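In the working numbering, the protein residues as written are 21 to 311.
Glycine residues also receive a C-beta, built at the ideal position from the N, C-alpha and C atoms.
It should be emphasised that the depicted structure is a prediction, and the values quoted were computed from it without experimental measurement.
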């Protein structure tokens, strides 16, 4: 195996697993300690997280089996550990990643290298999250220690860092895709102006000379039945902002179905000529008003 990051105490275990031809290896705790020529820490006897399949600054020992092409499949504390070879699974994931990146380039029009890079980074983040949940799908967190639960939440926070930013970015991409299909309006991410953390706006001329204005809202509602006073005020402000553009066609994009339903049931009369659009379900032409 070319290149690895296994160092120090756990290298002998990596080397041992790397030499195994079987797909399923069972080692007792004593056998592992004999391979390491050292005692395992107390955490290895108490916490399932110690035998996790995700490398981190805290649990660097996981590199010993991950980089040898194995994952921990079952644990019998104080007795044995079952390792399963996953090299084929890893190769499949790499293949799927290449296919997905090709699909991204086909489904979302972008010629900007920075935009392509952003989409690839988001795909990589989803890959990492998928792998994390796959590796931990058999765990019963209610039965685990406080330390173990803390480690899991820290890992989730690391995996989903800046998730709101990712949601905003993907929402603007979906809005651009909709406008390209409906009005042949080809936009760059830089043409979409951010008003606040969850509000984006654009004003552009379509090839036909028609003026298009749109507001994109990515915030979820505080409740399922109605807006809070501040959310209601922001909605009226957004409608006023769109009306002032005097655009021929005006869109109000939302990304949460509850927001869409609240506006449709309680505030539709304030839209006027503004078209309310729910992303991404508008792709099915089922979630738009006045469209």
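According to DSSP, residues forming a beta bridge with residue 251: In the DSSP output, where bridge partners are listed per residue, residue 251 has none listed.
Rounded distance between the beta-carbons of residue 233 and residue 265, thought under 8 Å: Going by Cβ atoms, the distance from residue 265 to residue 233 rounds to 4 Å, so yes, they are a contact pair.
Residues near residue 127 in its chain [Cβ-Cβ closer than 6 Å; skip 5 each side]: Because the pLDDT of residue 127 is 46, which lies under 50, any placement of that residue in the model is unreliable, and the number read from its coordinates should be weighed accordingly. Cβ neighbours of residue 127 within its own chain (closer than 6 Å, five residues either side excluded): none.
Per-residue DSSP class, three states only, for residue 6: Any answer about residue 6 is impossible in this case: the structure gives the chain only from 21 up to 311.
For residue 276 and residue 243, the rounded distance between their alpha carbons: 12 Å
Nearest neighbour of residue 50, chosen from 44, 42, 59 [CA to CA]: With distances taken between Cα atoms, residue 50 lies closest to 59.
Where residue 139 falls, given that 16 or more other Cβ within 10 Å makes a residue buried: Residue 139 should be labelled buried.
Simplified DSSP assignment, three categories, for residue 120: Unreliable placement is indicated for residue 120, whose pLDDT of 47 sits below 50; the coordinate value is still reported in the next sentence. DSSP places residue 120 in helix when its eight states are reduced to three.
Touching by the beta-carbon criterion (3+ pairs, under 8 Å), the segment 195-214 and the segment 162-176: Output reads no: the segment 162-176 does not touch the segment 195-214.
Residue range of the unbroken beta strand (DSSP E) whose run includes residue 44: 44-48
Contact check, residue 87 vs residue 44, beta carbons under 9 Å: no
Residue from 89, 146, 292, 263 whose Cα sits closest to the Cα of residue 39: Closest option to residue 39, Cα to Cα, is 89.
For residue 287, the first and last residue of its enclosing alpha helix (DSSP H): Residue 287 -> no alpha helix (DSSP H), and no H or E assigned at all.
Length-filtered (4 minimum) alpha helix (DSSP H) runs lying within the segment 170-212: Listed in chain order, the complete alpha helix (DSSP H) runs (minimum 4 residues) inside the segment 170-212 are 183-203.
Rounded distance between the beta-carbons of residue 262 and residue 283, thought under 8 Å: Not a contact, Cβ separation roughly 13 Å.
Proximity below 9 Å, CB of residue 188 to CB of residue 73: The Cβ atoms of residue 188 and residue 73 lie no closer than 9 Å to each other.
Nearest-angstrom Cβ-Cβ length linking residue 227 and residue 204, presumed shorter than 8 Å: 5 Å
Classification of residue 238 by the beta-carbon crowding that lies within 10 angstroms, buried from 16 upward: Counting the other Cβ atoms within 10 Å of the Cβ of residue 238 gives 16 or more, which makes it buried.
Reduced DSSP category for residue 13 - H, G, I as helix; E, B as strand; rest coil: Missing from the structure shown is residue 13; the chain here goes from 21 to 311 and no further.
Cβ pair residue 247, residue 286 closer than 9 Å: yes
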